[in-house]
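Protein chains: 2
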Amino acid sequence: MSLRHAVLAALLEGEASGYDLAKGFDASVANFWMATPQQLYRELERMEGEGLVQARVVEQERRPNKRVFSLTDAGSAALHDFTATPAKPTAIRDELMVKVQAVDSGDAEAVVEAVSAQLAFSRGKLARYERLRERLLVGRGEEEYLASGGRVGPYLTLMRGLSFERENIAWAERTVGILRQRHGLVTHAVDGER
Amino acid sequence: MSLRHAVLAALLEGEASGYDLAKGFDASVANFWMATPQQLYRELERMEGEGLVQARVVEQERRPNKRVFSLTDAGSAALHDFTATPAKPTAIRDELMVKVQAVDSGDAEAVVEAVSAQLAFSRGKLARYERLRERLLVGRGEEEYLASGGRVGPYLTLMRGLSFERENIAWAERTVGILRQRHGLVTHAVDGER
DNA sequence: ATCGATTATTCAATAAGTTGACTACATGGA
DNA sequence: TCCATGTAGTCAACTTATTGAATAATCGAT
Numbered sequence: 001m002s003l004r005h006a007v008l009a010a011l012l013e014g015e016a017s018g019y020d021l022a023k024g025f026d027a028s029v030a031n032f033w034m035a036t037p038q039q040l041y042r043e044l045e046r047m048e049g050e051g052l053v054q055a056r057v058v059e060q061e062r063r064p065n066k067r068v069f070s071l072t073d074a075g076s077a078a079l080h081d082f083t084a085t086p087a088k089p090t091a092i093r094d095e096l097m098v099k100v101q102a103v104d105s106g107d108a109e110a111v112v113e114a115v116s117a118q119l120a121f122s123r124g125k126l127a128r129y130e131r132l133r134e135r136l137l138v139g140r141g142e143e144e145y146l147a148s149g150g151r152v153g154p155y156l157t158l159m160r161g162l163s164f165e166r167e168n169i170a171w172a173e174r175t176v177g178i179l180r181q182r183h184g185l186v187t188h189a190v191d192g193e194r
Numbered sequence: 001m002s003l004r005h006a007v008l009a010a011l012l013e014g015e016a017s018g019y020d021l022a023k024g025f026d027a028s029v030a031n032f033w034m035a036t037p038q039q040l041y042r043e044l045e046r047m048e049g050e051g052l053v054q055a056r057v058v059e060q061e062r063r064p065n066k067r068v069f070s071l072t073d074a075g076s077a078a079l080h081d082f083t084a085t086p087a088k089p090t091a092i093r094d095e096l097m098v099k100v101q102a103v104d105s106g107d108a109e110a111v112v113e114a115v116s117a118q119l120a121f122s123r124g125k126l127a128r129y130e131r132l133r134e135r136l137l138v139g140r141g142e143e144e145y146l147a148s149g150g151r152v153g154p155y156l157t158l159m160r161g162l163s164f165e166r167e168n169i170a171w172a173e174r175t176v177g178i179l180r181q182r183h184g185l186v187t188h189a190v191d192g193e194r
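Chains as they are written, first to last, in full-length UniProt numbering: chain A, 1 to 194; chain B, 1 to 194.
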């Protein structure tokens, strides 16, 4: 039952609708806690019932109304408490790695395709993270930013995301190279590569 | 329903009991696909019913008998097919990151503790990966190994694990430093640090 | 003028995952 | 001797997560 804490953390960035959260909510929490829209809507409703978030209907012209949620004091308190509880070990489920593990008795060409797709995806994500970082720093260096007293949490998780994707890219490039050589596949340019 | 493919991939290393798999099964697949023991036992039974794996009872002295499972031809075929299907995006659920995201309005000291614990854990895991790598390479360089024609899959996923943990360590060290400075916490040695 | 995509949400049916307790035997240490 | 730990597994109850469809309005393109 920790999706709720991820949602609470996401709402620290400001109010959001279920739809906003489902769409990645400005890339914040979505990067280390994925959830389907249905999960989010249900959880938001439950949390509203428990008084952890409050809803406000925003009437929009030319598109459906939406209910935007924000933290209540009880919600902030719950999040605060959560930061002090022991964390469960990270759960990962990475199909791509399963495929790579099995590549020697699998369809090597398809695996190369899959790794290449991941590579393109990671490049996109990295670019997005880098824009986000620029926006946070607004010209300042990192030290200045850290000294300025703004929230560090989002900056630290962003840095984790950046180095994760950089590693991802380096690994995927090597992996594609090795697999292509091994299996005599033709080297061709990948989307986003130059 | 992709736990089954992770299990099939794990069985490429050789036969294993449910208990073996639950214990990480030589660190192979467990690093990118976590599952509880109950999940594994259930899935193994189902797969046996579907003919993807076969069981063999190993009678042991001074300890309970065990059922070790191995791939059948149908199982190998299923795994081969799996490598050719489009992969779903990686699912991650990382409580620690949620805590770090919320650290500015949370219990900073507890978060530092949690990141330190993760740091110790990652150091242990990295050491384990490095031993595994030694064992795979047996004195040869990487190129020799790759040229030798053994399975590349496990090597590639191992490399991913290595760089992931290295990044994890670097990030955790920086994070602990920044948070301690920010919150005026006393710097003290962490388990496994020197 | 209709088709498909986007915003925004809800419902219902399954599938998957988690938790806790329980059995059984053996080993090693206090 | 008793207790904790490790091996090896099963059962039942429960919570979460995934999938697919439905609704409803607007926008842009063909």
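Ideal placement from N, C-alpha and C gives every residue a C-beta, glycine not left out.
How about residue 157/B and residue 101/A: do their beta carbons lie closer than 8 Å?
Yes.
Nearest to residue 128/A by CA position, among 18/A, 28/A, 16/A, 9/A, is which residue?
Cα-wise, what sits closest to residue 128/A is 28/A.
Which value, in whole angstroms, describes the spacing of the CA atoms of residue 3/A and residue 32/B?
Each residue's alpha carbon lies about 20 Å from the other.
So if DSSP puts residue 92/B in a beta bridge, which residue, or which two residues, is it bridged to?
Note: residue 92/B sits in a beta bridge opposite 92/A.
Considering only DSSP beta bridges, list what residue 66/B is partnered with.
The beta-bridge partner set that DSSP reports for residue 66/B consists of 58/B.
Classify residue 65/B as buried or exposed, calling it buried when 16 or more other Cβ atoms lie within 10 Å of its own Cβ.
Counting Cβ neighbours within 10 Å, residue 65/B comes out exposed, since fewer than 16 surround it.
For residue 16/A, which of helix, strand or coil comes out of DSSP?
Residue 16/A: strand per DSSP, three-state reduction.
Positions along the region 79–97 of chain A whose CB lies within less than 9 Å of some CB in chain B
For the region 79–97 of chain A, which is checked against every Cβ of chain B, the residues closer than 9 Å are 79, 80, 81, 82, 83, 84, 85, 86, 87, 88, 89, 90, 91, 92, 93, 94, 95, 96, 97.
Which residues in the same chain have their Cβ closer than 8 Å to the Cβ of residue 46/B, if we skip the five residues on either side of it in sequence?
Taken in chain order, the residues that qualify are 4.
Pull up the distance between the alpha-carbon of residue 143/A and that of residue 151/A, whole angstroms please.
Residue 143/A and residue 151/A: Cα-Cα distance of roughly 13 Å.
Flag residue 105/A as yes if its beta-carbon sits less than 8 Å from any beta-carbon of chain B, otherwise no.
For residue 105/A, the answer is yes, since a Cβ of chain B falls inside 8 Å of its Cβ.
Which partner residues does residue 71/A have in the DSSP bridge list?
Residue 71/A pairs with 53/A.
Can you tell me whether residue 81/B is buried or exposed? The criterion is at least 16 other CB atoms within 10 Å of its CB, across all chains shown.
Flag for residue 81/B reads exposed.
Can you round the beta-carbon distance between residue 162/B and residue 126/B to whole angstroms, since I take them to be within the 8 Å contact cut?
7 Å between Cβ atoms; contact.
Under 7 Å Cβ to Cβ from residue 39/B, same chain only, skipping five residues before and after it: list those, please.
So the list reads 3, once near-sequence residues are dropped.
Give the residues from the region 104–127 of chain A that approach chain B closer than 7 Å (Cβ to any Cβ), ordered along the chain.
Per Cβ criterion, the list reads 104, 105, 106, 107, 110, 111, 114.
Residue 154/A: contacting residues in chain B (beta-carbon distance under 7 Å)
Within chain B, the C-beta atoms nearer than 7 Å to that of residue 154/A come from 101, in chain order.
Just grab the DSSP bridge partners of residue 33/B for me.
According to DSSP, residue 33/B bridges with 93/A.
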